[in-house]
Every structure is written in structure tokens, then in C-alpha cells.
Amino acid sequence: MARPREFDEEAVLNAAVECFWSRGYEATSVRDLIEKTGLTGASLYNAFGDKRAFYQRALDHYVETSILDRIRRCEAMAPREAIGSFFAEILKRSLDDRTHRGCMLVNAALDVVPHDPGFQDIVAGVLTRIEAFFLGRVRAGQVDGTITLALPAEDLARHLLGVLMGLRVLARARPERALLEGVVSPALALLDAIETARPPRCHVV
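Quick note: the sequence shown, position 196, residue 192 per the working numbering, numbers continuous.
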């Protein structure tokens, strides 16, 4: 019969997220994780496996409690409001991030994915989920008239995903309000673009 774990798994995963997020995967040692989580080496390996497996659990935990939680909250809003609120929260998190850690998922895409095809699938899956959120909100907004029909919903969703990724990378190196807001504002304005009817041509008699 397996013995019950003698630690708070969520607290340990939160500590691991902070460790990997602050230092990056390569720079984080098993000793760092032991010190941060308070687990012994044996307990860490028994519960989570090796460093790579522990990183995957930590990244999954970050995605679930940060990215997917935000998506779920925004999906309950009106379409155009949902997209605006999503980016407003990202802007706030980016500007409040005094250590310039950025997004753990984006960091994984830049630091880990190039050397680990397994993590490429993981990160790609989350990016697909974010794109699906944008696509769903854009389509709903095009139906209720709050989002332009001038561009296909698929193109707008991909554009928003690209803006999000660029924003999170910029925030690590240049976390300046004017810069970050200047990236987001045109993307949101594009959603609100209104097609105007062409004036009738004047025929010279």
C-alpha cells in the first residue's frame, strides 16, 4: 500500500514554478529545487521524477493556474470585452513584473523547445489553445457586430496570438508602458475597424 505524501503538492509545484521561472531550466539545479521546495532529494525524485519531468509538471501547473485560468475567466465575458480584458491583464502582469521574468511558457519556447522536441509539442499545444480562445471570441464578436468582418476570423486570431507572443518577449527586455501599450492598442483597434461604404461614383454626363 502506497504511503500518503507528507507534503502539499500544490505548494511544492508553486515553489518549483518560481524556481524554474526565475532561473530558467538549464540554470536551475536539483539542489536549487530541493532548497526551494523543502523536499529531500529522494522525496523529489520519488514524487516527480528527474529534473526534466519535474519541469514538465511545473510548466503544466503554470499553464493551468495562469494561462488556462485567464482563458476560462475571459470566455465568460462578451466577445470584444473578453479580448480586451485578456490583453489588459497581460499588460498589467508585464508592467508589474519587476524581475522581468516574462511568461514561463514563452520562456520555455525560447530556452527549452529548440533542444527538446517533446516540449515543442507541449508548448505548441498550449499556443493552439490560446489561438482557439481568440478565434472563438472573434467569431462570436463578428456575429454580434462588435468585431469587424473586414478580415477573416482565423487571420485576426493568428494576429492576436502573434501580438501576445511579441508582447511577452518585449516585456522581458523593455518593460516600458508606452511601448507595450503601443503594441496592443493597434491590434485591438483592428478588431473595431468599421467598413465604410464607398461613396457612389459621380458620372459625368
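For glycine and all other residues, C-beta sits at the position ideal for the given N, C-alpha and C.
With fewer than 16 other Cβ atoms inside 10 Å of its own Cβ, S25 counts as exposed. For the stretch 3 to 31, the full-length alpha helix (DSSP H) segments reaching 4 residues or more read 5 to 19 along the chain. With respect to the 8 Å criterion, D112 and E22 are not classified as neighbours on the basis of their beta carbons. Contact annotation: S81 and C70 have beta-carbon atoms nearer than 8 Å. Excluding the 5 residues flanking it on each side, R173 has same chain C-beta neighbours closer than 7 Å at L91, in chain order. Under the rule that a run must span 4 or more residues, the alpha helix (DSSP H) segments found entirely inside the stretch 97 to 178 read 100 to 107, 113 to 140, 149 to 169. As the crow flies, the alpha-carbon of L64 is around 19 Å from that of A7. Listed in chain order, the non-local C-beta contacts of V119 below 7 Å within the same chain comprise L101, A104, A105, V109, local neighbours out to five positions each way being set aside. The C-beta distance from P75 to D151 rounds to 16 Å, too long to meet the 8 Å contact threshold. Proximity of the stretch 32 to 50 to the stretch 117 to 137 falls short of the contact definition, fewer than three beta-carbon pairs being nearer than 8 Å.
Residues of the same chain with a CB within less than 7 Å of the CB of A183, apart from the 5 flanking positions on each side, are H155, L156, V159 in chain order. In the three-state reduction of the DSSP assignment, D188 falls in the coil class. Short of 7 Å from the beta carbon of A153, and not among the five residues preceding or following it, lie these beta carbons of its own chain, in chain order: E127, F130, L131, V134.
With a threshold of 16 other beta carbon atoms within 10 Å, R94 falls short and is exposed. Residue L55 holds the alpha-carbon nearest to the alpha-carbon of A11 among E2, D46, A38, L55. In the displayed model, T95 falls within coil according to three-state DSSP, outside both helix and strand.
In terms of CA proximity to E77, T142 leads the group T142, F16, L9.
In this structure A146 is exposed. Its beta-carbon is surrounded by fewer than 16 other beta-carbon atoms within 10 angstroms.
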